[in-house]
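Asker:
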Amino acid sequence: MSQHADYFRTRQITELFVSLYSSSSPTGKPNTRGMVLLATAASAASLHPLINASHIFQEEIKVMPPNNDARRDIIESIVLGRLSAAQDIRLDADSPLNYTALATQTEGYSVTDLQDLVGRAVHQVAVRTAATKQSAVLSSPDFTAAQVDFTPLSLRDVKLQKSDIAWSDIGGAHIKRKSHGLVANGT
Numbered sequence: 002m003s004q005h006a007d008y009f010r011t012r013q014i015t016e017l018f019v020s021l022y023s024s025s026s027p028t029g030k031p032n033t034r035g036m037v038l039l040a041t042a043a044s045a046a047s048l049h050p051l052i053n054a055s056h057i058f059q060e061e062i063k064v065m066p067p068n069n070d071a072r073r074d075i076i077e078s079i080v081l082g083r084l085s086a087a088q089d090i091r092l093d094a095d096s097p098l099n100y101t102a103l104a105t106q107t108e109g110y111s112v113t114d115l116q117d118l119v120g121r122a123v124h125q126v127a128v129r130t131a132a133t134k135q136s137a138v139l140s141s142p143d144f145t146a147a148q149v150d151f152t153p154l155s156l157r158d159v160k161l162q163k164s165d166i167a168w169s170d171i172g173g174a175h176i177k178r179k180s181h182g183l184v185a186n187g188t
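Residue numbers (the working numbering): 2 to 188.
1. Taking 8 Å as the cut-off, does the segment 139–158 touch the segment 107–127 (at least 3 CB pairs, one atom from each stretch)?
2. If we ignore side chains and look at the alpha-carbon of each, how far apart do Y1 and T145 end up?
3. Suppose the cutoff is 7 Å on Cβ atoms and the five residues either side in sequence are ignored; what does the same chain contact list for L48 look like?
4. Is DSSP giving A147 helix, strand or coil here?
5. Could you tell me the alpha carbon to alpha carbon distance between L118 and A147, rounded to whole angstroms?
6. Quick one: Cα of I62 to Cα of I79, how far?
7. Cβ of I57 within 9 Å of Cβ of S23?
8. Following the continuous beta strand (DSSP E) through L139, name the residue where it begins and the one where it ends.
9. Within the chosen definition, does the segment 125–140 reach the segment 82–97 through at least 3 CB pairs nearer than 8 Å?
10. I'd like to check one pair, L51 with E77: are the Cβ atoms closer than 9 Å?
11. What would DSSP say about R91, mapped onto helix, strand or coil?
12. T133 to L103, Cα distance in whole Å?
13. Any idea if T105 is buried or exposed, counting beta-carbon neighbours within 10 angstroms, 16 or more meaning buried?
14. Do the CB positions of I75 and V123 come within less than 9 Å of each other?
15. Which term fits Q125, buried or exposed, when burial requires 16 or more other beta carbons within 10 angstroms of its beta carbon?
16. What is the rounded straight-line gap between the Cα of M65 and the Cα of A71?
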């Protein structure tokens, strides 16, 4: 489907939505007494401009991703849930998972991202177990492997560019070090 067709379809759906719920609708406002309309979007910018202009939504609530402590608890809960569902997989008793370290490595991840990450780690266990016929043990290296090429939902479809510039290309670092030494020595 072309980009033009996608925009046209989005415009049609948006116009239908606005015609049903807008107070300025030519068909008349439906009886919305006692009705709450909730909608989600990645951001206000991702909404069609017609939605923003129609003032259908009276309040915008920004849902922030979980903080470090919450991610730690969420990851632990998801892992324990997966282990209870897949009774043939167990945690590595010799090297238990460090949920705090995992939470630190997942800054900005949503709950959905954390579920996907745990699912990928469990998949790593399944692949390794099938290949080596060892017992199924979930460990930190499974999470490291799961994060390779993993893109959190909030960054999907975002074009990221990785810089190939090294610190040595920037220059001037030796001057900063030399001047810092002068300040440190009091000269």
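Note that beta-carbon positions come from the ideal geometry of N, C-alpha and C, so glycine has one too.
Answerer: Quick look at the numbers:
1. yes
2. The first residue shown for the chain is 2 and the last is 188, placing residue 1 beyond what the model contains.
3. A42
4. helix
5. 6 Å
6. 26 Å
7. yes
8. 137–139
9. yes
10. no
11. strand
12. 26 Å
13. exposed
14. no
15. buried
16. 12 Å
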